[in-house]
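Q:
Residue numbers (this note's numbering): 997 to 1109.
#1: For residue 1006 and residue 1099, I'd like the C-alpha separation in whole angstroms.
#2: Exposed or buried, residue 1072, counting other C-beta atoms within 10 Å across all chains shown (16 or more means buried)?
#3: Should the stretch 1089-1107 be called in touch with the stretch 1009-1020, which here means at least 3 C-beta pairs below 8 Å?
#4: Less than 8 Å between the C-beta atoms of residue 1040 and residue 1082, yes or no?
#5: Within the continuous alpha helix (DSSP H) that includes residue 1069, where are the two ends?
#6: Between the alpha carbons of residue 1050 and residue 1076, how many angstroms are there, rounded?
#7: Give the straight-line distance between the Cα atoms of residue 1018 and residue 1063, rounded to the nearest whole angstrom.
#8: Is the separation between the beta-carbon of residue 1089 and that of residue 1033 shorter than 8 Å?
#9: Report the CB separation of residue 1028 from residue 1096 in whole angstroms; it is logged as a contact under 8 Å.
#10: Decide if residue 1031 is buried, meaning its Cβ has at least 16 other Cβ atoms within 10 Å, or exposed.
#11: Please list, in chain order, all residues of the same chain as residue 1056 whose beta carbon is under 6 Å from its beta carbon, the five residues on each side excluded.
#12: Does DSSP put residue 1021 in a helix, in a strand, or in coil?
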C-alpha cells in the first residue's frame, strides 16, 4: 500500500439523521487496497481535537476490493456542531498506521422531527 497524504473528502450531512457513505480504498497508483488484514478506524472531532463527537462504524463490504461502509447514526449526528472533522486510519497487520481519508463534515440542521 503506497500513499503519502490522506485523500480529502468533505461531507455535507443532516443533523439527527443517519449518514452512510461507501468508500473504495486505492493507493496513489490507483491500485485497489486489500483490506483483509487491515483494521479501519474513524473518529469525528472538533478542529482543536478537544471534543470527540463519534466513533464511526466501519463495515467491510468487499475487503479484497477495498470497499467499506462508513456510517454515522442519527444519535451521533444530533450532537454535531455546524463543522466537525474526521479521518480514517488504516492499521496494517504489522502495526503500520496510516491516515487514508480526512475532511470536514458540514452538518446542516434538520427540521423534521
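Yeah, the Cβ is synthetic: ideal placement off N, Cα and C, and Gly gets one too.
A: Inspection of the coordinates gives the following:
#1: 5 Å
#2: buried
#3: yes
#4: yes
#5: Taken as a continuous stretch (DSSP letters only), residue 1069 belongs to no alpha helix (DSSP H), as it is neither H nor E.
#6: 9 Å
#7: 7 Å
#8: yes
#9: Not really, about 13 Å apart at Cβ, beyond 8 Å.
#10: buried
#11: 1031, 1064
#12: coil
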